[in-house]
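Student: Submitted below is the structure of interest, expressed as structure tokens.
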Amino acid sequence: MATRDAVLGYGAAGAVFLALWEAAPRLGWIDGRLLPPFSDVVAALGAMAATATFWQQVQLTLLETLTAFVIALPVGALLGVLVQESRFASLVFKPLIFFVFSIPKSIFLPIFILILGIAFWQKVAFGIFSTVFIVMMTTFSAVESVREDQLRVARSLDASTMQKILFVYLPSMTPVLLEAVRVAMIFNFTGILLAEMYASREGIGNAIGVWGLGFQIKELLAMVLFVSVLAIGFNEAIRYVEAKCEHWRN
Amino acid sequence: MPRMSQATASIRKPHGATMSVVGPDHPAADAGKTLEVRDLNHTYNVNGKTTQALKDIAFNVSAGRFLSIVGPSGCGKSSLLMMLAGLLTPSDGTIAVGGRPLTKPDPTRVGVVFQDASLFPWLTARRNVEFPLFLRGVDKAVRREKAEEALALVGLERFADSLPHELSGGMKQRVSIARGLVQDPPILLMDEPFAALDEQTRITMGDELLRIWEKARKTIVFVTHGLSEAIYLSDEVLVLSGRPGRILDRVVIDLPRPRSLEMMAQPRFAELREAIWHMIKA
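Each protein sequence line maps, in turn, to chains A and B.
Last residue of the first sequence: number 250 in UniProt numbering, and the count goes up by one each step with no gaps.
Last residue of the second sequence: number 282 in UniProt numbering, and the count goes up by one each step with no gaps.
Structure, rendered in structure tokens:
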């Protein structure tokens, strides 16, 4: 079976990668101080996971990420629909949104700190700012993906506006919106971690920044590993749902 | 306004029996279920230029008849059908179904089947057929029962739980017909429903449609650009001119029923086809 072969393939590639990671520092191919062996990093993660501080940091960062996400996603999606559905708003705001989207968001971080300080809501605000534009842009294509003929069927059945939104627009947009959720989370998580690294006293980003400056590579990599697993897990979960409704697209 | 007043017994015989074809003025079997189009004109504006799309369209369709509308591309036949569906408001004129004016879509009086089956890909065949009833808040059990009846009518009861992407083009269009019939409207409008299908499927679907029509006893108004298809399926063919679309003639198809593919080789078939072709070409 193709999927089983693929899974075996991933597994093999992953195993080779981890084996190299383990062997390279041990055999002296790479300086062990810069890249400790995989098993040491896992051990460090295990030790960290036994402390309360670790979970406090994780909890804080996830709370910031989630807060920013549940605000940015509906706001971005709603604004996206409103702009796309209005001719006037499309003409005026779409170019602006594309302009702002192309600017690297990180350069605005100092301004956020000046205005909001370095506590919880600054992270959330920056997370929202990093996310909302990509959500809007994906929503534009989501609205465009709603098929005219399906709307016509709904009209021929005398569906109300609300029924059209709930039973035609929304399901029709779902595959593209899921993509928005997935990509938005990457932008959102990046924004939050960046804000934590740059100016914060707590959170995952802060911990990574501090360990980097203190040359605590093992702990740093352990956290990188943890964040990677988290991010990949979320991404793959959404991709799985996306694949389930792939056939909706045509 | 002339109204059908005289009610007669059903003009349709059971499937398999041949039937002599009656003229367009034959009184309806059920006068309450006729379609009446009066003095219909339609113009539209594009960039300040006014174009007349349809001119002086007037016709009646008696209950249970199969009427096709043919005409050159751009003659407004699809627009006319959209007006009959209540999806497009004519600039002038009236449309009445069952004696009552039709000014907006009413799926209980007029079912519509579009060129693309236009099923919702996230719903199973059954849920697609249930959809019109769902919108009207019909009870779940009733919905299911009606949908299954409609699916059985189009011969797809075994595919009730399939998703549209698992069905062939012809099957999708049959689901779409079931959806159009699920509220039991007296009239089914079809806008080039088989145009996107391959030749072989198109012929099979034609026979399938005739079978459904005989069984469901609906009035069908069928828009097509295929003259053979129109003649093969219909009791009457309404021939429209190029823009602005006017009614050139209403041709009674006096071929016996049930129709069979061999009839296409008969001289009468060729004669009818030739006559209509000449009208459109002129």
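For glycine and all other residues, C-beta sits at the position ideal for the given N, C-alpha and C.
Predicted model only: the values in this text are computed from it and were never measured.
#1: Tell me, please, whether the CB atom of residue 168/A is closer than 9 Å to any CB atom in chain B?
#2: Strictly by DSSP, which residues pair up with residue 196/A?
#3: Using only CA atoms, which one of 246/B, 244/B and 222/B lies nearest to residue 237/B?
#4: Any beta carbon from chain B within less than 9 Å of residue 155/A's own beta carbon?
#5: For the beta strand (DSSP E) that contains residue 93/B, what are its first and last residues?
#6: Give a yes or no on contact between the segment 184-201 of chain A and the segment 118-138 of chain A, applying the rule of three or more CB pairs nearer than 8 Å.
#7: Could you pull out every residue in the same chain whose Cβ sits closer than 7 Å to the Cβ of residue 249/B, ignoring the five residues on either side in sequence?
#8: Label residue 79/B either buried or exposed according to how many other C-beta atoms from any shown protein chain fall within 10 Å of its C-beta, with 16 as the threshold for buried.
#9: Am I right that residue 188/B and residue 113/B are in contact with their C-beta atoms under 8 Å? What's the rounded C-beta distance?
#10: In chain order, what residues of the same chain have a beta carbon less than 7 Å from the beta carbon of residue 106/A, not counting five sequence neighbours either side?
#11: With burial defined as no fewer than 16 other Cβ atoms inside 10 Å of the residue's Cβ, what is the status of residue 28/B: buried or exposed?
#12: So which residues of chain A does residue 140/B contact, with C-beta pairs closer than 8 Å?
#13: Decide if residue 103/B is buried, meaning its Cβ has at least 16 other Cβ atoms within 10 Å, or exposed.
#14: Between residue 112/B and chain A, is any beta-carbon pair separated by less than 9 Å?
#15: Does any residue of chain A bring its CB to less than 9 Å from the CB of residue 170/B?
#16: In or out: residue 161/B buried (at least 16 other Cβ within 10 Å) or exposed?
#17: For residue 234/B, which residues of its own chain have a beta-carbon under 8 Å away from its beta-carbon, when the five flanking residues on both sides are left out?
#18: If you draw a straight line from the C-alpha of residue 300/B to the C-alpha of residue 204/B, how long is it?
#19: Hey, out of 194/B, 151/B, 193/B and 224/B, whose CA is closest to residue 184/B's CA?
#20: Enumerate, from N- to C-terminal direction, the unbroken alpha helix (DSSP H) stretches of 4 or more residues contained entirely within the segment 125-190 of chain A.
#21: Taking just the CA atoms, how far does residue 70/B sit from residue 141/B?
#22: Taking 8 Å as the limit between beta carbons, can you name the residues of its chain near residue 69/A, skipping five residues before and five after?
#23: Shorter than 9 Å from the beta carbon of residue 238/A to some beta carbon of chain B?
#24: Tell me, please, whether the segment 77-92 of chain A touches the segment 23-33 of chain A by the rule of three or more beta-carbon pairs shorter than 8 Å.
#25: Examine the Cβ distances between the segment 51-60 of chain A and the segment 165-172 of chain A and report whether three or more of them are shorter than 8 Å.
#26: Would residue 96/B count as contacting chain A if we go by Cβ distances under 9 Å?
#27: If we define contact as Cβ-Cβ less than 9 Å, is residue 125/B a contact residue for chain A?
#28: Taking only the alpha-carbon atoms, compute the straight-line gap between residue 108/B and residue 75/A and give it to the nearest angstrom.
#29: Give the interface partners of residue 104/B over in chain A, defined as CB-CB distance under 8 Å, in chain order.
#30: By Cβ distance below 7 Å, which residues in the same chain neighbour residue 239/A in space, the five residues on each side in sequence not counted?
#31: Give me the residue from 174/A, 235/A and 45/A with the minimum Cα distance to residue 218/A.
#32: Do you know offhand how far residue 159/A's Cα is from residue 120/B's?
#33: Quick one: which residues of the segment 60-89 of chain B get their C-beta closer than 7 Å to a C-beta of chain C? List them in chain order.
#34: With 9 Å set as the bound, which would you pick, yes or no: does the beta-carbon of residue 145/A sit closer than that to a beta-carbon of chain B?
#35: What does residue 83/B pair with, by DSSP beta-bridge criteria?
#36: Return the chain-ordered list of same chain residues with a C-beta closer than 6 Å to the C-beta of residue 91/B, the five sequence neighbours on each side being excluded.
Tutor: On the basis of the data shown:
#1: Yes - at least one Cβ of chain B is within 9 Å of the one on residue 168/A.
#2: Beta-bridge partners assigned by DSSP to residue 196/A: none are found.
#3: For the residues 246/B, 244/B and 222/B, the minimum Cα distance to residue 237/B belongs to 222/B.
#4: It does: the Cβ of residue 155/A has a partner Cβ on chain B nearer than 9 Å.
#5: First-last of the beta strand (DSSP E) with residue 93/B: 92-97.
#6: Output reads yes: the segment 118-138 of chain A touches the segment 184-201 of chain A.
#7: Same-chain partners within the cutoff: 239 and 279.
#8: So residue 79/B counts as buried.
#9: 7 Å between Cβ atoms; contact.
#10: In the same chain as residue 106/A, and ignoring 5 residues on each side of it, the C-beta atoms closer than 7 Å to its own belong to 194, in chain order.
#11: Any answer about residue 28/B is weak, because its pLDDT of 39 lies below 50 and its placement is not dependable; what the coordinates show is given next. Taking every protein chain shown into account, the CB of residue 28/B has 16 or more other CB atoms within 10 angstroms, so this residue is buried.
#12: Simply none; closest approach about 15 Å.
#13: Burial is judged here by how many other beta carbons sit within 10 angstroms of a residue's own beta carbon; residue 103/B has fewer than 16 and is exposed.
#14: Residue 112/B counts as touching chain A.
#15: No, residue 170/B does not count as interfacial toward chain A.
#16: It is exposed - the Cβ of residue 161/B has fewer than 16 other Cβ atoms within 10 Å.
#17: Only 66, 67, 68, 222 and 253 meet the Cβ criterion.
#18: Only positions 1 to 282 of chain B appear in this structure, which leaves residue 300/B out of reach.
#19: The shortest Cα separation from residue 184/B among 194/B, 151/B, 193/B and 224/B belongs to 151/B.
#20: When DSSP assignments are scanned along the segment 125-190 of chain A, the uninterrupted stretches of alpha helix (DSSP H) that are 4 or more residues long and fall wholly within it turn out to be 148-156 and 161-164.
#21: Approximately 41 Å between the Cα atoms of the pair.
#22: For residue 69/A, where only same-chain residues beyond five positions count, the Cβ hits under 8 Å are 127, 131, 184, 185 and 188.
#23: Not one chain B Cβ lies under 9 Å of residue 238/A.
#24: Output reads no: the segment 23-33 of chain A does not touch the segment 77-92 of chain A.
#25: No, the segment 51-60 of chain A is not in contact with the segment 165-172 of chain A.
#26: It does not; no Cβ of chain A falls within 9 Å.
#27: By this cut-off, residue 125/B is not an interface position.
#28: Whole-angstrom Cα-Cα distance: 39 Å.
#29: Those within 8 Å of residue 104/B in chain A are 158.
#30: Contacts found: 182.
#31: Comparing Cα positions, the closest option is 45/A.
#32: For the pair residue 159/A and residue 120/B, the Cα-to-Cα distance works out to about 14 Å.
#33: Here the protein chains are A and B, and chain C is not one of them.
#34: No, residue 145/A does not count as interfacial toward chain B.
#35: According to DSSP, residue 83/B bridges with nothing at all.
#36: Apart from sequence neighbours up to five positions away, the residues of its chain that approach residue 91/B with a beta-carbon distance below 6 Å are 41, 42 and 43, ordered along the chain.
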